[in-house]
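> Below: one structure in structure tokens.
Numbering (my numbering), first residue to last: 91 to 619.
See below:
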């Protein structure tokens, strides 16, 4: 049967809020309407996560933290992702201790895994329903992290004049660029991790332990140039600059592009099936200094551990510290958690969530489409993923391929064999690539869908430090034990290597390689593809 006619069933998590008078009657499947890309989809079933989880017994573990056996796979996966550089030790300890105290509730809802990103994401506990293992692993993380997050450290250096920092435009721009780089790198690592273990069609919940930051850093740094509030009391020199300097700094900061991929990250997490709950503990309060009392203008203060004893530092560090996380959480149906009480309630509510199963047909696996879920019951409020797909989104796949050129690990699910030749014609240089993949040993486990829909991403350095990324769809001969493809990659001037990433969109198998650009073979025209 052709791919376009296949009917596949997808499961998504659903948060349901009913009116108080209606809570005795659970929401039914015939009261839910699903549209994918504007097209109505048939609802297969609607069941509470608690009921689905009870149907799969945890079973005894041979050892604490032993991965869940395939035959006893629970209906949901719960990941606790700890981003150490983005948080501080005090708030990280509070969050992991709260989660450790609710280990039983977590494993009752599904298999729990713990990932520590410090700085590279690494699994410290494989998916398990062993509450003791979860509790122990979380408690072991209580001492991780520094007194301040990287972003807070950068901003405090601006306010206090540490390391000779003053508020000249060039120095402010350098600090802002450092902050933007840190935040962008942390988001990239999170996105690549989220796409690294595909489990499309199954609900997944992500508790993201991180810290606060401003999605738009411009107001903070611009205020330092213009004078703004000098309550830092720490020796920074306020340099009153001309209006021209202020305009130039604002232009420079806007050009940094902070926040450009925040909304994309939320959409990507949604398409990957992750309902996301950013946990951003912080001592947020209100400060009425420096014009904060103006109508409609609220500014937050975030004081780290011991800040009140460090010269009375109370300068504004963040103007809207949770907005960036909201743009990540909202597209996934999740929400930002900023307090211990909110985290406790979020874990308790897991078992009350629903699993919605609907048919997905006539759509390629690689296509990510908007998802709309509505209730026919008056007063019912539903929250779920805003986008749905069955493969890594194209943009995230492009980032993963580009990351190979900066040291990311090569993937070996699909064993790639690469031969390359460099050619030059009158107008450009071309890298001719012969790509072979031996899949004979994979076919029995992967099934007949292997090779039906492939995506190849090619990334190569371009002029000015940019990346040239291209993607194309491929299909292998049905049942073939070996695949062979011939590719022609146009090279930018000075390119010395190319990254290739091949994904089987039906199975989630991936293979990647770094291809060095060989010495020029001669002036010729590459053979036809």
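Glycine included, each C-beta is placed from N, C-alpha and C at the ideal position. This structure is a prediction, so every number in the text was calculated from the model and none was measured.
Contact between the segment 130-149 and the segment 190-206 is defined here as three or more beta-carbon pairs at a separation below 8 angstroms; is this criterion met?
Flag = yes, the segment 130-149 and the segment 190-206 touch.
> Just how far apart, CA to CA, sit residue 376 and residue 458?
Reliability fails at residue 376, whose pLDDT of 36 lies under 50, so the model's placement of it is uncertain and the value that follows must be treated cautiously. Going from the Cα of residue 376 to the Cα of residue 458 covers about 41 angstroms.
> Tell me the DSSP secondary structure of residue 213 in three-state form.
Three-state DSSP puts residue 213 in a strand.
> Counting only the same chain and skipping the five closest in sequence on each side, list residues whose C-beta sits under 8 angstroms from that of residue 551.
Here the set comprises 495, 557, 558, 582, 584, 585, 586 and 587.
> Near residue 175, which residues of its chain fall below 6 angstroms by C-beta distance, leaving aside the five closest residues on each side in sequence?
Closer than 6 angstroms at Cβ, skipping near neighbours: 209 and 240.
> Among 426, 568, 535 and 509, which one has its Cα closest to the Cα of residue 606?
Per the Cα distances, 509.
> Tell me the residue span of the alpha helix (DSSP H) that contains residue 623.
One cannot answer for residue 623 here, as it falls past the ends of the chain, which runs 91 to 619.
> How close, in whole Å, do the beta carbons of residue 115 and residue 135 come, if the pair is a contact with beta carbons under 8 angstroms?
That pair is no contact at about 17 angstroms.
> When DSSP labels each residue in this structure, what does residue 192 get in the three-state scheme?
Three-state DSSP puts residue 192 in coil, outside helix and strand.
> Short of 7 angstroms in beta carbon distance, which residues of its chain neighbour residue 127, apart from the five on each side in sequence? Order them along the chain.
Hits under 7 angstroms: 459 and 460.
> Distance, Cα to Cα, residue 435 vs residue 226?
Taking the straight line joining both Cα atoms gives about 21 angstroms.
> Taking only the alpha-carbon atoms, compute the straight-line gap between residue 233 and residue 182 and give it to the nearest angstrom.
When rounded, the distance between both Cα atoms is 8 angstroms.
> Any idea if residue 491 is buried or exposed, counting beta-carbon neighbours within 10 angstroms, 16 or more meaning buried?
Buried: at least 16 other Cβ atoms inside 10 Å.
> Cutting at 6 angstroms between CB atoms, please list the residues of its own chain near residue 451, excluding the five before and the five after it.
Excluding positions up to five away in sequence, the list reads 97.
> Roughly how many whole angstroms lie between the Cα atoms of residue 366 and residue 525?
Answer to the nearest angstrom: the Cα atoms are 37 angstroms apart.
> Classify residue 299 as buried or exposed, calling it buried when 16 or more other Cβ atoms lie within 10 Å of its own Cβ.
Buried.
> Can you say whether residue 418 is buried or exposed, counting buried as having 16 or more other CB atoms within 10 angstroms of its CB?
Buried, by the Cβ-count rule.
> With DSSP as the reference, identify every bridge partner of residue 244, one or two as the case may be.
Looking at the DSSP assignment, residue 244 forms no beta bridge with any residue, so it has no partner.
> Looking at residue 124: is its Cβ nearer than 8 angstroms to the Cβ of residue 463?
The answer is yes: Cβ separation under 8 angstroms.
> My output table needs one value for residue 349: the three-state DSSP class, helix, strand or coil.
Confidence at residue 349 is low in this model, with a pLDDT of 43, below 50, so its placement is unreliable and no value can be given for it.
> Quick check on DSSP: helix, strand or coil for residue 621?
Shown here, the chain extends from 91 to 619; a query on residue 621 therefore has no answer.
> Could you pull the start and end residues of the alpha helix (DSSP H) that residue 260 belongs to?
Element bounds for residue 260: 259-286.
> Mark residue 578 as exposed unless 16 or more other C-beta atoms lie within 10 angstroms of its C-beta, in which case mark it buried.
So residue 578 counts as exposed.
> Any idea what DSSP makes of residue 337, helix, strand or coil?
Of the three classes helix, strand and coil, the one that applies to residue 337 here is helix, per DSSP.
> With a Cβ-Cβ cutoff of 8 angstroms, do residue 102 and residue 478 count as a contact?
Yes.
> Find the nearest neighbour of residue 361 within the set 602, 293 and 107, judged by alpha-carbon distance.
When each option's Cα is compared against that of residue 361, the closest is 293.
> Which residues mark the beginning and the end of the alpha helix (DSSP H) in which residue 585 is found?
Premise fails: residue 585 is in no alpha helix (DSSP H) and is neither H nor E.
> Alpha carbon to alpha carbon, how far is residue 444 from residue 122?
When rounded, the distance between both Cα atoms is 12 angstroms.
> Can you give the beta carbon distance from residue 475 to residue 420, rounded, assuming they're within the 8 angstroms contact cut?
Actually they are not in contact, since the Cβ atoms of residue 475 and residue 420 sit about 11 angstroms apart, beyond 8 angstroms.
> Among all the DSSP beta bridges, which residues are the ones paired with residue 431?
In the DSSP output, where bridge partners are listed per residue, residue 431 has none listed.
> What residue ranges within the segment 531-605 form continuous beta strand (DSSP E) runs of no fewer than 3 residues, ordered along the chain?
Runs found: 544-551, 557-564, 572-581 and 587-594.
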